[in-house]
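Structure first, commentary second.
There are 2 protein chains.
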Amino acid sequence: MQISELARATGVSARALRHYEDRGLLIPGRTGAGYRDYSESDVIRVAQIKAMIAAGLNTATIQRYLDCVRVDGHGPSLKMCPDLRAELDSIAERLAAKQADLRRTQQRLNELASAG
Amino acid sequence: MQISELARATGVSARALRHYEDRGLLIPGRTGAGYRDYSESDVIRVAQIKAMIAAGLNTATIQRYLDCVRVDGHGPSLKMCPDLRAELDSIAERLAAKQADLRRTQQRLNELASAG
DNA sequence: TTTGACCTTCACGCTGGCGTGAACCCCTAC
DNA sequence: GTAGGGGTTCACGCCAGCGTGAAGGTCAAA
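Protein chains in written order, with the working numbering: chain A, 8 to 123; chain B, 8 to 123.
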């Protein structure tokens with residue numbers, strides 16, 4: 008299938024699909040005319056990518072661990088890949104740090120707003 | 008005083024002070040040689056800017072409302088400036104939205120990490 | 001006079017997943 | 001043949017507060 012069809016099938020923009028390819032997350036075939044030619048398995052692959060993006064992984068990390076994630080009807084599940092747990096932990100730490108920053112900012116804002 | 012002295016006095020980098028000037032938050036005088044020449048009141052002004060930055064206001068908003076904020080020994084306090092309350096409310100909304108996004112991301116990450 | 005510390009103005013880098021033209025090619029239907 | 005709806009590869013824009021050289025002037029101390 009070509010790119011707009013995969014875009015419709017996955018709910019991901021064609022631009023994003025090309026971006027994923029730039030980052031090494033997708034490697035579609037090519038037709039004689041140079042058009043990208045995606046397979047059915049790419050639909051699943053894009054679903055995996057979506058799940059990992061939504062979980063806060065960046066494309067470089069996804070590139071390393073993409074094959075560790077499966078997405079079936081019930082949501083994503085993990086295979087055992089070395090260092091993946093540690094990677095997820097560090098992402099969780101970064102998210103927690105952002106949480107803390109955000110709360111501090113909210114606190115200062117409240118202090119400003121509640122000040123007479 | 009010149010820029011490095013103000014930087015030491017406020018704990019803000021000289022680069023940041025120049026940036027504030029670019030954004031119209033500070034307007035120091037100039038010596039004959041072209042050096043920036045800050046006054047004592049700029050120390051307080053920078054403290055106000057720091058408080059507002061820490062509360063999530065951007066430089067454009069700070070530029071509009073800088074004179075509405077005073078910083079004394081007990082922390083910042085507000086003067087009545089039209090639209091400032093509404094501005095602070097909208098900032099609070101944006102922060103809350105970021106919070107929500109962050110929590111959703113953490114939720115997805117947990118789903119990934121806890122999946123077998 | 002020569003360090004050396006401090007100042008000045010550009011102007012790119014960072015973080016990063018895309019949106020959005022621009023300029024051009026491919027294929028089908030009329 | 002031509003219009004139209006795909007496709008392709010660049011490559012800048014975004015959001016924003018600074019960090020960080022680069023190239024060069026100023027000034028007090030030795």
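Beta carbons are placed, not taken as given, at the ideal position from N, Cα and C, and that holds for glycine. Computed from a predicted model, the values in this text were never measured in an experiment.
query: Let me confirm a value: Gly63 (chain B) is counted as buried when at least 16 other C-beta atoms fall within 10 Å, else exposed. Which label applies?; result: buried
query: Is the region 14 to 21 of chain B close to the region 108 to 116 of chain A, with three or more CB pairs under 8 Å?; result: no
query: So, for Arg52 (chain B): in the same chain, excluding its five sequence neighbours on each side, which residues have a beta-carbon less than 8 Å away from its beta-carbon?; result: Leu32, Leu33, Leu73
query: Of the choices B:Arg25, B:Gln55, B:Ala61, B:Leu95, whose alpha-carbon is the least far from that of Arg77 (chain B)?; result: B:Gln55
query: To the nearest angstrom, how far is it from the Cα of Asp44 (chain A) to the Cα of Ser97 (chain A)?; result: 36 Å
query: Mind reading off the beta-carbon distance from Gln113 (chain A) to Leu102 (chain B)? Whole number of angstroms is fine, and I expect it under 8 Å.; result: 5 Å
query: Just to check my reading of the structure: Thr66 (chain A) and Arg30 (chain A) have Cβ atoms closer than 8 Å, yes? What is that Cβ distance to the nearest angstrom?; result: 4 Å
query: Classify Asp90 (chain B) as helix, strand or coil using the three-state DSSP reduction.; result: coil
query: Is Thr112 (chain B) close to chain A, meaning its C-beta is less than 8 Å from at least one C-beta of that chain?; result: yes
query: Please report whether the beta-carbon of Leu116 (chain A) lies at a distance below 8 Å from any beta-carbon of chain B.; result: yes
query: Listing by chain order, which chain B residues have their CB less than 8 Å from the CB of Ile98 (chain A)?; result: Leu116
query: Determine the direct distance from the alpha carbon of Ala61 (chain B) to that of Ala120 (chain A), and round the result to whole angstroms.; result: 13 Å
query: Would you please state the rounded distance, in angstroms, between the beta carbons of Arg115 (chain B) and Ala58 (chain A)? I believe it to be under 8 Å.; result: 7 Å
query: With DSSP collapsed to three states, give me the class of Val53 (chain A).; result: helix
query: I'd like to know whether the C-beta of Leu95 (chain B) is nearer than 8 Å to at least one C-beta of chain A.; result: yes
query: Can you give the Cα-Cα distance for Ser48 (chain B) and Ala14 (chain B), rounded to whole angstroms?; result: 14 Å
query: Can you confirm whether Ala61 (chain A), when its beta carbon is compared against all beta carbons of chain B, has any partner nearer than 8 Å?; result: yes
query: Between Thr17 (chain A) and Arg37 (chain A), what straight-line distance do the alpha-carbon atoms span, to the nearest angstrom?; result: 20 Å
query: Under the three-state reduction of DSSP, which class applies to Arg30 (chain A): helix, strand or coil?; result: coil
query: I want to see whether chain B comes within less than 8 Å of Ala120 (chain A), judged by CB atoms only; does it?; result: yes
query: Assign Pro35 (chain A) to buried or exposed, taking buried as 16 or more other Cβ atoms, counted over all protein chains shown, within 10 Å of its Cβ.; result: buried
query: If the cut-off is 8 Å on Cβ atoms, which residues from the region 48 to 60 of chain B count as contacting chain A, listed in chain order?; result: Ala58, Met59
query: Would you kindly report the start and end of the unbroken alpha helix (DSSP H) that includes Gln70 (chain B)?; result: 66 to 72
query: Please name the residue in B:Ala99, B:Cys75, B:Gln70 whose C-alpha comes closest to that of Pro89 (chain B).; result: B:Cys75
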